[in-house]
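First the structure, in the form of structure tokens, and then the observations on it.
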Amino acid sequence: MRRRDALKAVGSVLGVGVFGSAVTAHPGPYEPYGYVELEGAREAVVSSDDDVAYVATTTGYASVDVSVPDRPRVLADVREPLSNHESGPLRQIYDVDLDADSDTLAVVGPANSRPGAVSGVLLSDVSDPAAPERVSFHETTYSIHNCFLRDGVVYLTGNDGAENPLVLLDAASGETLGRWSLSDADPAWSDVPASLRPLHDVFVRGDVAHLSLWDAGTWLVDVSDPAAPTAVGSVEEPDPTALSSLSPSERRGRPTAPPGNHHYSATDESGDLLAVGKESWARRVEDAATSENATEEGTAGEAYVGGPSGIDLWDVSDPAAPERLSTIAPPPSPDPTYGGVWTTAHNFQIRDGRLYSSWYQGGVKRHDVSDPREPKQISWWRNPDEARFWSAQLAAPGAREGFFVASSMGVDDVSARLYTFPDHAGRQANPPTVLSGEETTESIVVTATGETRDRSETATRTPGFGAAVAAGSLSVAGWLVRRRAEATSGADGGKDTRRS
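Everything in the sequence shown is counted per UniProt numbering, starting at 1 for the first residue and increasing by one.
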């Protein structure tokens, strides 16, 4: 019996009440299939057979049976791993990742520097997802915010407070295979404060690692030879001299407000379409050094500098000459400051011409990005008083039986959860009225030239987040034909189970 069949059988016998909450599914208004509460939930990834989601839970990690999407149930909940270590347990576990065979899980932490705490990567055998077994632990001298595991190599964000390198580690032996940092591309980066260029995340497609380096942009690094990683391109790379010359007061607000803020990136199956997500917030004008560029962002008419950021779509078929195609703007927020309602982009994935994205309290969305110059929003669910989404990850594609998972950090007294959502188009019934705006089947889109075109005649007024508009209609037929052909040829060599 396949694992999917076995898990379905168990779920049917035990019933939904024992494990999670079921929600009425398609047809009808767009809404979750179900959810299961999971304290401390952060990143979620899905096994290659679509049956099991693995979730980082801050104090550990968990496996969740999602084979019956309206009845998710926890299979294993591992807390305080390495509790017997002299500096244990492993804390602040924000990320996990599966190898291509889905039998090995990497668990990393702490996400941020914690003096005196153990840090490193824990490898677990999850061939039986209900009974994970520790395989090895490789200790590091730096905190690990995120990781990527593929073909026995663990790619780590080695934020040491100095060079902040990408570290390539042999999963079996723990041997460091190679390292790459910005100073390898240009020694001038060593003069830029490390706080402006942390390596926040890494995504690997084929032989290219995509590094999100905050205010230093997104970098594409050839890792075909793990011992000699080499930069092959970058997206929105600033002048390091300009960053190093910022005054202390100018640097103070940089990590949270635009520009920069490259937080996460991922490609489609071909590796030619790159999505770059930025995470940012606003500062009220009275708190800002200047109000010259203040804009109205809040529902009460307050003026802000900066604000939440969205997801840029890039053609990187030539890594040395990337081309921006469009930008998906974030949902608006009644209070876009760091202490307010977060609606900035977080983690996402591109699969089969669809972008699955999380926006914290701005909800989860699905976009059709088959024409990346004009992405179209096809579903959006949000409840800012209940859910603050960290991830969105496709489990099984298809409008009839397909679904994706999304982890929520929880809000106030509402617990953290793992949700399941249908993989079909739809509109949420009676969306929350925290914000007022218009909703269409398309989202705010800024073209590569910066033009925003309003199609308000297609919108219908609904209570809820945001206004939806669309822009850009340049032909990309040739580029799409090439990208799809390359994807069909199997450029990645396997199914992507990453949070991308």
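Yeah, the Cβ is synthetic: ideal placement off N, Cα and C, and Gly gets one too. Fair warning: this is a prediction, and the values are worked out from it, not measured in the lab.
Three-state secondary structure (DSSP) of residue i
i, result
"residue 420", "strand"
"residue 254", "coil"
"residue 151", "coil"
"residue 431", "coil"
"residue 188", "helix"
"residue 172", "coil"
"residue 249", "helix"
"residue 196", "helix"
"residue 54", "strand"
"residue 425", "coil"
"residue 303", "strand"
"residue 91", "coil"
"residue 120", "strand"
"residue 234", "strand"
"residue 228", "coil"
"residue 161", "coil"
"residue 261", "coil"
"residue 178", "strand"
"residue 146", "strand"
"residue 41", "coil"
"residue 221", "strand"
Of the residues the options, the one placed nearest residue i, counting alpha carbons only
i, options, result
"residue 153", "172, 248, 347 and 199", "172"
"residue 177", "225, 135 and 213", "225"
"residue 366", "261, 380, 373 and 360", "380"
"residue 304", "317, 327, 340 and 325", "340"
"residue 329", "361, 316, 370 and 278", "278"
"residue 170", "205, 122, 208 and 129", "122"
"residue 230", "264, 91, 320 and 256", "320"
"residue 144", "187, 157 and 181", "157"
"residue 109", "174, 418 and 138", "138"
"residue 58", "73, 48, 78 and 64", "78"
"residue 167", "39, 217 and 211", "211"
Per-residue burial, residue i [other beta carbons within 10 Å of its own, 16 or more giving buried]
i, result
"residue 347", "buried"
"residue 116", "exposed"
"residue 464", "Its pLDDT being 26, under 50, residue 464 is placed unreliably by the model, and nothing is read from it."
"residue 33", "buried"
"residue 159", "buried"
"residue 270", "buried"
"residue 237", "buried"
"residue 111", "buried"
"residue 398", "exposed"
"residue 239", "exposed"
"residue 374", "buried"
"residue 205", "buried"
"residue 134", "exposed"
"residue 119", "buried"
"residue 349", "buried"
"residue 430", "exposed"
"residue 228", "exposed"
"residue 248", "exposed"
"residue 28", "exposed"
"residue 416", "buried"
Enclosing beta strand (DSSP E) for residue i [first to last residue]
i, result
"residue 244", "No beta strand (DSSP E) contains residue 244, which is instead part of the alpha helix (DSSP H) from 240-244."
"residue 503", "Outside the displayed range of the chain (1 to 500) lies residue 503, so it cannot be described from this structure."
"residue 137", "133-139"
"residue 283", "282-284"
"residue 407", "403-408"
"residue 393", "393-396"
"residue 126", "It is not in any beta strand (DSSP E) - residue 126 carries neither H nor E in the DSSP assignment."
"residue 275", "273-278"
"residue 85", "From DSSP, residue 85 is part of no beta strand (DSSP E); its letter is neither H nor E."
"residue 205", "201-205"
"residue 213", "Per DSSP, residue 213 belongs to no beta strand (DSSP E) and is neither H nor E."
"residue 62", "60-65"
"residue 37", "34-37"
"residue 310", "No beta strand (DSSP E) holds residue 310; DSSP gives it neither H nor E."
"residue 109", "104-109"
"residue 411", "Residue 411 -> no beta strand (DSSP E), and no H or E assigned at all."
"residue 44", "44-46"
Host alpha helix (DSSP H) of residue i (start-end)
i, result
"residue 184", "182-185"
Neighbour flag for residue i against chain D, beta carbons, 7 Å
i, result
"residue 94", "In summary, chain D is missing from the structure at hand, where a single protein chain is found."
Checklist line | Those runs of the beta strand (DSSP E) which lie wholly inside the region 313-390 and span at least 3 residues | finding: 323-328, 348-351, 354-358, 364-368 and 376-381
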